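>
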Amino acid sequence: MPQLIRMYIRQVLIGFGLSALFVGALLYTDVAGLWGLVSNSDVGFVAVLMLFMFNGIVFAGVQFSIAIMRMQDHTPGGGRRAPRTAPQPVPVMAEVPAPKAASLNRFAQRR
Numbered sequence: 246m247p248q249l250i251r252m253y254i255r256q257v258l259i260g261f262g263l264s265a266l267f268v269g270a271l272l273y274t275d276v277a278g279l280w281g282l283v284s285n286s287d288v289g290f291v292a293v294l295m296l297f298m299f300n301g302i303v304f305a306g307v308q309f310s311i312a313i314m315r316m317q318d319h320t321p322g323g324g325r326r327a328p329r330t331a332p333q334p335v336p337v338m339a340e341v342p343a344p345k346a347a348s349l350n351r352f353a354q355r356r
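Residues 246 to 356, numbered by this note's numbering, are exactly what the sequence shown covers, in order.
(1) Rounded to whole angstroms, how far is the Cβ of V268 from the Cβ of V303, which I believe are closer than 8 angstroms?
(2) Take V257 and list the residues in its own chain whose beta-carbon comes closer than 6 angstroms to its own, dropping the five residues that flank it on each side.
(3) Can you tell me which of Y253, M246, Q248 and P247 puts its alpha carbon nearest to the alpha carbon of A312?
(4) Can you tell me where the alpha helix (DSSP H) with Q317 in it begins and where it stops?
(5) With a threshold of 7 angstroms on Cβ separation, who are the neighbours of W280 within its own chain once the five nearest residues in sequence on each side are excluded?
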């Protein structure tokens, strides 16, 4: 099995493990009366399963993205970047239209 697939499966399992801990902590601390809602409902198991699965998807995605971003490039020399050059100003010609005489008259009348 390719190393990237193995890493993905491992990170997904870690993410779903974190989801199980998170859902367990939510139910144990009874956040917003969640334990009472789940234990007194006939479909409480489905609600807990959905909470576990959806949080697992989110946590697995975050866990895998953190693992990918932490990967290092092992090329010697640190890469071949282009040398930095100083920015050069570029002249831009812009035409300024002459003000209309009527607009000047209105401005003078306001004073």
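Built from N, CA and C at the ideal position, the CB exists for glycine as well. None of these values were measured; they are calculated from a predicted model.
In short:
(1) So it is not a contact: roughly 12 angstroms between Cβ atoms.
(2) A305
(3) Y253
(4) First-last for Q317: undefined, no H or E at that position.
(5) L272
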